[in-house]
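Asker:
There are 4 protein chains.
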Amino acid sequence: MQKVCLVIGAGAGIGGSVGKKFAQEGYHAALCRRSDQQGLDNMVADIEAAGGSASGYLLNTVKEGAIEKLVAEIEENVGPIETVLFNLGAQIGNRSLADTELKIFELGWQIATFGLFRLAKAVFPLMEQRGGGTLLVTSATSAVRGNAGQHSHAAAMGGRRMLCQSLNAEYASRGIHVAHILVDGAVDAPDTLGKLLGPALFEQLREERGRDNDGLMLPEKMAETYYHIAQQHRSVWTHELDLRSFSDLAWWNHAP
Amino acid sequence: MQKVCLVIGAGAGIGGSVGKKFAQEGYHAALCRRSDQQGLDNMVADIEAAGGSASGYLLNTVKEGAIEKLVAEIEENVGPIETVLFNLGAQIGNRSLADTELKIFELGWQIATFGLFRLAKAVFPLMEQRGGGTLLVTSATSAVRGNAGQHSHAAAMGGRRMLCQSLNAEYASRGIHVAHILVDGAVDAPDTLGKLLGPALFEQLREERGRDNDGLMLPEKMAETYYHIAQQHRSVWTHELDLRSFSDLAWWNHAP
Amino acid sequence: MQKVCLVIGAGAGIGGSVGKKFAQEGYHAALCRRSDQQGLDNMVADIEAAGGSASGYLLNTVKEGAIEKLVAEIEENVGPIETVLFNLGAQIGNRSLADTELKIFELGWQIATFGLFRLAKAVFPLMEQRGGGTLLVTSATSAVRGNAGQHSHAAAMGGRRMLCQSLNAEYASRGIHVAHILVDGAVDAPDTLGKLLGPALFEQLREERGRDNDGLMLPEKMAETYYHIAQQHRSVWTHELDLRSFSDLAWWNHAP
Amino acid sequence: MQKVCLVIGAGAGIGGSVGKKFAQEGYHAALCRRSDQQGLDNMVADIEAAGGSASGYLLNTVKEGAIEKLVAEIEENVGPIETVLFNLGAQIGNRSLADTELKIFELGWQIATFGLFRLAKAVFPLMEQRGGGTLLVTSATSAVRGNAGQHSHAAAMGGRRMLCQSLNAEYASRGIHVAHILVDGAVDAPDTLGKLLGPALFEQLREERGRDNDGLMLPEKMAETYYHIAQQHRSVWTHELDLRSFSDLAWWNHAP
Chain U
990 MQKVCLVIGA GAGIGGSVGK KFAQEGYHAA LCRRSDQQGL DNMVADIEAA GGSASGYLLN
1050 TVKEGAIEKL VAEIEENVGP IETVLFNLGA QIGNRSLADT ELKIFELGWQ IATFGLFRLA
1110 KAVFPLMEQR GGGTLLVTSA TSAVRGNAGQ HSHAAAMGGR RMLCQSLNAE YASRGIHVAH
1170 ILVDGAVDAP DTLGKLLGPA LFEQLREERG RDNDGLMLPE KMAETYYHIA QQHRSVWTHE
1230 LDLRSFSDLA WWNHAP
Chain V
990 MQKVCLVIGA GAGIGGSVGK KFAQEGYHAA LCRRSDQQGL DNMVADIEAA GGSASGYLLN
1050 TVKEGAIEKL VAEIEENVGP IETVLFNLGA QIGNRSLADT ELKIFELGWQ IATFGLFRLA
1110 KAVFPLMEQR GGGTLLVTSA TSAVRGNAGQ HSHAAAMGGR RMLCQSLNAE YASRGIHVAH
1170 ILVDGAVDAP DTLGKLLGPA LFEQLREERG RDNDGLMLPE KMAETYYHIA QQHRSVWTHE
1230 LDLRSFSDLA WWNHAP
Chain P
990 MQKVCLVIGA GAGIGGSVGK KFAQEGYHAA LCRRSDQQGL DNMVADIEAA GGSASGYLLN
1050 TVKEGAIEKL VAEIEENVGP IETVLFNLGA QIGNRSLADT ELKIFELGWQ IATFGLFRLA
1110 KAVFPLMEQR GGGTLLVTSA TSAVRGNAGQ HSHAAAMGGR RMLCQSLNAE YASRGIHVAH
1170 ILVDGAVDAP DTLGKLLGPA LFEQLREERG RDNDGLMLPE KMAETYYHIA QQHRSVWTHE
1230 LDLRSFSDLA WWNHAP
Chain W
990 MQKVCLVIGA GAGIGGSVGK KFAQEGYHAA LCRRSDQQGL DNMVADIEAA GGSASGYLLN
1050 TVKEGAIEKL VAEIEENVGP IETVLFNLGA QIGNRSLADT ELKIFELGWQ IATFGLFRLA
1110 KAVFPLMEQR GGGTLLVTSA TSAVRGNAGQ HSHAAAMGGR RMLCQSLNAE YASRGIHVAH
1170 ILVDGAVDAP DTLGKLLGPA LFEQLREERG RDNDGLMLPE KMAETYYHIA QQHRSVWTHE
1230 LDLRSFSDLA WWNHAP
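Chains as they are written, first to last, in the numbering used here: chain U, 990 to 1245; chain V, 990 to 1245; chain P, 990 to 1245; chain W, 990 to 1245.
#1: Going by beta carbon distance, what residues of the same chain come within less than 6 Å of aspartate 1177 of chain W, once the five residues before and after it are set aside?
#2: With a cut-off of 8 Å on the beta carbons, I'd call isoleucine 997 of chain U and leucine 1077 of chain U a contact; round off their distance for me.
#3: Using the rule of at least 16 other Cβ atoms within 10 Å of the residue's Cβ for burial, across every protein chain shown, is proline 1188 of chain P buried or exposed?
#4: Between P:Asn1031, P:Met1151, P:Ala1079, P:Gln991, which has its C-alpha nearest tyrosine 1046 of chain P's C-alpha?
#5: Please go through the same chain and pick out, in chain order, the residues whose beta-carbon is closer than 6 Å to the beta-carbon of alanine 1145 of chain V, but skip the five residues on each side of it.
#6: Any residues in the stretch 1107 to 1140 of chain P with a beta carbon nearer than 9 Å to a beta carbon of chain W? Which ones, in chain order?
#7: With burial defined as no fewer than 16 other Cβ atoms inside 10 Å of the residue's Cβ, what is the status of glutamine 1139 of chain P: buried or exposed?
#8: Please check the pair arginine 1233 of chain W and glycine 1174 of chain W, which I expect to be a contact at CB under 8 Å, by giving their CB distance rounded to whole angstroms.
#9: Taking DSSP as the reference, what is the three-state secondary structure of phenylalanine 1235 of chain U?
#10: Could you tell me whether the Cβ of asparagine 1242 of chain P comes closer than 8 Å to any Cβ of chain U?
#11: Going along the stretch 1013 to 1030 of chain V in order, which residues come within less than 7 Å of chain P, judged by CB to CB distance?
#12: With DSSP run on the structure shown, which of helix, strand or coil describes glycine 1028 of chain V?
#13: Excluding the 5 residues flanking aspartate 1231 of chain U on each side, which residues of the same chain have their C-beta closer than 6 Å to its C-beta?
#14: Compare the C-beta of glutamine 1221 of chain U with all C-beta atoms of chain W and state if any pair is closer than 8 Å.
#15: Less than 6 Å between C-beta atoms, sequence neighbours within five positions excluded: which residues of the same chain meet that for glycine 1002 of chain V?
#16: Smallest Cα separation from serine 1044 of chain W: which of W:Asn1202, W:His1217, W:Gly1028, W:Glu1229?
#17: Kindly say whether threonine 1102 of chain U, judged by its beta-carbon, lies nearer than 8 Å to any beta-carbon of chain V.
#18: For valine 1167 of chain U, which of U:Glu1014, U:Ser1006, U:Asn1049, U:Ser1128 has the nearest alpha-carbon?
#19: For chain V, is any of its Cβ atoms less than 8 Å away from the one on tryptophan 1098 of chain P?
#20: Hey, how far is the Cα of asparagine 1228 of chain V from the Cα of histidine 1169 of chain V?
#21: Can glycine 1122 of chain V and glutamate 1071 of chain V be called in contact, C-beta distance under 8 Å?
#22: Along the chain, which unbroken stretches of the alpha helix (DSSP H) at least 4 residues long are found entirely within the stretch 1077 to 1133 of chain U?
#23: With a threshold of 8 Å between beta carbons, is serine 1006 of chain P in contact with chain V?
#24: So with CB distances below 8 Å, who are the chain U contacts of arginine 1195 of chain V?
#25: Along the stretch 1142 to 1154 of chain V, where does the CB come closer than 9 Å to a CB of chain U? Name the residues.
#26: With a floor of 4 residues, list each alpha helix (DSSP H) that falls wholly inside the stretch 1159 to 1208 of chain U, ordered by position along the chain.
#27: Considering alanine 1055 of chain W, what are the terminal residues of the alpha helix (DSSP H) in which it resides?
#28: Please classify asparagine 1157 of chain W: is it buried, with 16 or more other beta-carbons within 10 angstroms of its beta-carbon, or exposed?
#29: In angstroms with no decimal places, state the Cα-to-Cα distance between alanine 1038 of chain P and glutamine 1013 of chain P.
#30: Spatial neighbours of methionine 990 of chain W within its chain, please: C-beta separation below 6 Å, excluding the five flanking residues on both sides.
#31: Going by the beta-carbon positions, is the gap between leucine 1020 of chain V and arginine 1107 of chain U smaller than 8 Å?
#32: Taking the alpha helix (DSSP H) that valine 1225 of chain P falls in, what are its first and last residues?
#33: Figure out for me which residue from W:Asn1242, W:Tyr1215, W:Leu995 has the closest Cα to the Cα of tryptophan 1226 of chain W.
#34: Can you find a C-beta in chain W that's less than 8 Å from the C-beta of phenylalanine 1094 of chain P?
#35: Which term fits serine 1224 of chain W, buried or exposed, when burial requires 16 or more other beta carbons within 10 angstroms of its beta carbon?
#36: For alanine 1109 of chain P, count neighbouring C-beta atoms within 10 Å of its own C-beta (all shown protein chains included) and say buried if the count is 16 or more, exposed if not.
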């Protein structure tokens, strides 16, 4: 069976681009997203049209047992998961403390922290049996600095970063490469930034900062670094790296 | 009514010592802990015997509405909460990923991250109305580095640290001082370290490292720094500081 | 002989205020600054008028042997240096890479990094013989983040922070407390900020942000925390803490 | 003229391997090292034998004007420097404060901090005129944590890291990519680790940790990541990343 790259959070941005890149390099891309069957089908069709192998799954990660079941299903029916990208964020825009309901705060944790924990529990034993594997985690600036209005997001991402370090400390020597990829800037992603801003504002931003002057991070370019990290020789693994556009200041140099 | 220092997590260690210190300085110490009514009564009695004012509450923080109800009750019946110490940890010893059940991971978050979020939501609006207040948060090394066996603890504490930064960013200018106090070492605390080790080992450790050579952190000495931080003039607030014994290496210099 | 608090960099800001505070608490304050004999004499006179003990020294720290000679002289003629505050910065305002001459870059290092190294070499052996001592180091945001125009300053302060960690790792267990105090904001200091801005702008800033609304950090209030740190019990030492006004955002939340 | 990859510090480890990799990819590799003309000639010959283009230079970087002159010479006679690797460390082994002479401390700074500053001043204006370029900086754990015996090394590397951030903040938007590569582990490098340990111990270490089990970082594998970083699309640049062997703990998880 073909080795699998499982993408949790495969929208038309980082997730989809990473899936496509791995498919180009010979992996089966197993793409999961919460909704939009049509978008999912299109991504699978695009990969297949280019000669690659892919499959799509609608997945509500917060549902009890859903991640665990999907991992089992893919391992049984598709192939061994060699690389998994955890690409779920928990950004809900800026919400004051007063406006952040308990349920919202909990949901952020369920998606961004607990989801990764459950994924690791499901897939690491399988990877370990096979001698290794790779877990790529898309992260955000909120994992390293809190901010006004970011109570839910920062708590979820900060916890996740410490979880990644814990997973790495326990599993690196057993052959599992955990990489925490700090995406520090706006990504040219219709399914996340695009939906957050709405089509008109998103196109305006793209024109102002994107396309010609590369002010938005291009997901197909990010995918090349994700792929490189997953291919690093085990004597030289990267656990953490940042990514931002040349025209952007680093998070420690600009206001949020 | 007397100004109140509310201590969430008032065992015979940091929490109890901070309560005692604030009581000596003229605050009413409202002491909360999950169990041990007798221990709680003794702490209150000790403070009162020394001429201070205190009250004790058994509090299961993970119970829905419990923190919120307690805050309301104290504000109504005891006095305005000027300082609150959130002193709950989520250390469960070293547990491998395999041995960390989903429920345990969730509980760590509920106690150490969600509990602080709920507390802030309950008490910050009241503090803000009065022009200010102080939130002291006892933190641990796991808030800044993950480690093997620390999946639950590190995720909970790392999330909490980012939450503290978020609360600080939103509320400092409104007069609420949030301090994240990184306790980087073993505390001479019978109720936490003592119970973790058992009485025999704890006494042995105390003899080897504590008492005479100050190798264990003395909670009554820590309380002096907690109190100092809470009294800092608003033009010079500390948001984060570390504390460790002179004989201990900093976390970045020693293996966990 | 009276125990001495030596202040390297004793202008009318942090340095002078710390000297005054320690003098109030019974130390002899040995105040050093590079120039302004009159200002120095006034500070000594003020301390003595308040019943304290002080002496003043003009000191060019970059001169070969100057720090070493001063330490020896104070130890012989005044008393044992129990606490030393290294309060020299190397801020030269924003200078582009092109405008930062080699000499300027070197001078920044000589003052802010090499000066501290020489001081530690001179005073630590004496402190160690006596069983301990305290080194307080005033630091700045540039020690934890570089920035455009800050090539010289950031390199000097970043090196200094790592030096402080190294000194702490080697000397804490021998009784010497090294504290790195991250001053993250504008200080109401006529001799530094005042000279940088000029009298008119400085008064304007003071009126806008300072005095009534505590938007500038008040050095006499900072001195209280400096003193507290120097008095911490050896079982609970702080190595690093930050200080900023309540109305200011933390460095990780605002643009430089 | 061919685009140039200039390597400052081209021994038989990271520097040589990066030079070789860039030569394979079509760059002219300009290799500089302080001594060992024979070793240098061999490296050039090896690259040329493999069909690549290279030249070698003995360079004492601390000599006044030496870096500046070399840059000018290469730009005039060889080609435009598109990528430069600054690969000089300042590790002198563990030396107590007492055993670290002033001259040693200064030399560490001259090599590892000042040298990079001079290099940037010499080469950045040229890169900027051409629309961009890349500066890769090999860094070490000492850039992020000080330690006993590391006074000189940590001060030099910590200053260098802040300098890299400053350079990045000023020059990224002008097209110059600065990457700070944190090498957190032992490299299988005869010219550095090999000389530090001596041939017998080095071979023993290699047998125990290296070769078969990849416990030493393989420089030719590191070179692949260095090259990848230099090729990142400008919308997705990495400023900082770490590298370590899978079998090694991260610096925050192990004692130095």
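Positions of the beta carbon are idealized from the N, C-alpha and C atoms, including for glycine.
Answerer: The answer reads as follows:
#1: For the purposes of this step, residue 1177 of chain W is taken as residue 188 along the fourth sequence, with counting starting at 1. Gly1199, Leu1205, Leu1207, listed in sequence order.
#2: Residue 997 of chain U sits at position 8 when you count from the first residue of the first sequence. Residue 1077 of chain U sits at position 88 when you count from the first residue of the first sequence. With a Cβ gap of about 6 Å, isoleucine 997 of chain U and leucine 1077 of chain U count as contacting.
#3: Here residue 1188 of chain P refers to the residue found at position 199 of the third sequence. Exposed.
#4: For the purposes of this step, residue 1046 of chain P is identified with residue 57 of the third sequence, where counting begins at 1. Here the closest residue by C-alpha is P:Asn1031.
#5: Here residue 1145 of chain V corresponds to residue number 156 of the second sequence, with the count starting at 1. Ala1079, Gly1097, Trp1098, Ala1101, Thr1102, listed in sequence order.
#6: Arg1107, Ala1109, Lys1110, Phe1113, Pro1114, Ser1131, Ala1132, Val1133, Arg1134, Gly1135, Asn1136, Ala1137, Gly1138, Gln1139, His1140
#7: Counted from its first residue, the third sequence places residue 1139 of chain P at position 150. The C-beta of glutamine 1139 of chain P has 16 or more other C-beta atoms within 10 Å across all chains shown, which makes the residue buried.
#8: Counted from its first residue, the fourth sequence places residue 1233 of chain W at position 244. Counted from its first residue, the fourth sequence places residue 1174 of chain W at position 185. Right, the Cβ-Cβ distance comes to about 4 Å (below 8 Å), so this counts as a contact.
#9: If you number the first sequence from 1, residue 1235 of chain U lands on position 246. In this structure, phenylalanine 1235 of chain U counts as coil in the three-state DSSP scheme.
#10: Residue 1242 of chain P sits at position 253 when you count from the first residue of the third sequence. So, interface residue.
#11: none
#12: Within the second sequence, the letter at position 39 stands for residue 1028 of chain V. Helix, per DSSP.
#13: What you label residue 1231 of chain U is simply residue 242 of the first sequence in a count that begins at 1. Contacts found: Leu1171, Asp1173.
#14: Mapped onto the first sequence, residue 1221 of chain U falls at position 232. Interface residue, yes.
#15: Against the second sequence, residue 1002 of chain V aligns to sequence position 13. The answer, listed in chain order, is Val1176, Ala1178, Asp1180, Thr1181, Pro1208.
#16: What you label residue 1044 of chain W is simply residue 55 of the fourth sequence in a count that begins at 1. Checking every option, the nearest Cα to that of serine 1044 of chain W belongs to W:Gly1028.
#17: In the first sequence, the residue the question calls residue 1102 of chain U occupies position 113. By this cut-off, threonine 1102 of chain U is an interface position.
#18: Position 178 of the first sequence, counting from 1, holds the residue named residue 1167 of chain U. Taking only the C-alpha atoms, the option nearest valine 1167 of chain U is U:Ser1128.
#19: Position 109 of the third sequence, counting from 1, holds the residue named residue 1098 of chain P. Chain V contact via Cβ: absent.
#20: Position 239 of the second sequence, counted from the first residue, corresponds to residue 1228 of chain V. Position 180 of the second sequence, counted from the first residue, corresponds to residue 1169 of chain V. Looking at the sequence shown, residue 1228 of chain V is not asparagine but histidine. C-alpha separation (whole angstroms): 6 Å.
#21: For the purposes of this step, residue 1122 of chain V is taken as the residue at position 133 of the second sequence. For the purposes of this step, residue 1071 of chain V is taken as the residue at position 82 of the second sequence. Yes. Within cutoff.
#22: 1091 to 1098, 1104 to 1118
#23: Position 17 of the third sequence holds residue 1006 of chain P. Not one chain V Cβ lies under 8 Å of serine 1006 of chain P.
#24: Here residue 1195 of chain V is taken as the residue at index 206 of the second sequence, counted from 1. Per Cβ cutoff of 8 Å: no residues; arginine 1195 of chain V is ~29 Å from chain U at best.
#25: His1142, Ala1143, Ala1144, Ala1145, Met1146, Gly1147, Gly1148, Arg1149, Arg1150, Met1151, Leu1152, Cys1153, Gln1154
#26: 1188 to 1198
#27: Here residue 1055 of chain W is taken as the residue at index 66 of the fourth sequence, counted from 1. 1055 to 1066 is the extent of the alpha helix (DSSP H) around alanine 1055 of chain W.
#28: To locate residue 1157 of chain W, count along the fourth sequence from 1; it is residue 168. Answer is buried; the Cβ neighbour count reaches 16.
#29: Within the third sequence, numbered from 1, the residue matching residue 1038 of chain P stands at position 49. Within the third sequence, numbered from 1, the residue matching residue 1013 of chain P stands at position 24. Those two C-alpha atoms are separated by around 11 Å.
#30: Numbered from 1 along the fourth sequence, position 1 holds the residue referred to as residue 990 of chain W. Around methionine 990 of chain W: Gly1068.
#31: Residue mapping note: residue 1020 of chain V aligns to position 31 of the second sequence, counting from 1. Residue mapping note: residue 1107 of chain U aligns to position 118 of the first sequence, counting from 1. Not in contact: leucine 1020 of chain V and arginine 1107 of chain U (Cβ atoms no closer than 8 Å).
#32: Numbered from its first residue, the third sequence carries residue 1225 of chain P at position 236. Careful: valine 1225 of chain P lies outside any alpha helix (DSSP H) and carries neither H nor E.
#33: Translated into positions along the fourth sequence, residue 1226 of chain W becomes position 237. Residue W:Tyr1215 is the option with its Cα nearest to tryptophan 1226 of chain W.
#34: Here residue 1094 of chain P refers to the residue found at position 105 of the third sequence. For phenylalanine 1094 of chain P, the answer is yes, since a Cβ of chain W falls inside 8 Å of its Cβ.
#35: Your numbering for residue 1224 of chain W matches position 235 in the fourth sequence. Buried: at least 16 other Cβ atoms inside 10 Å.
#36: Working through the third sequence from its first residue, we reach residue 1109 of chain P at position 120. Alanine 1109 of chain P should be labelled buried.
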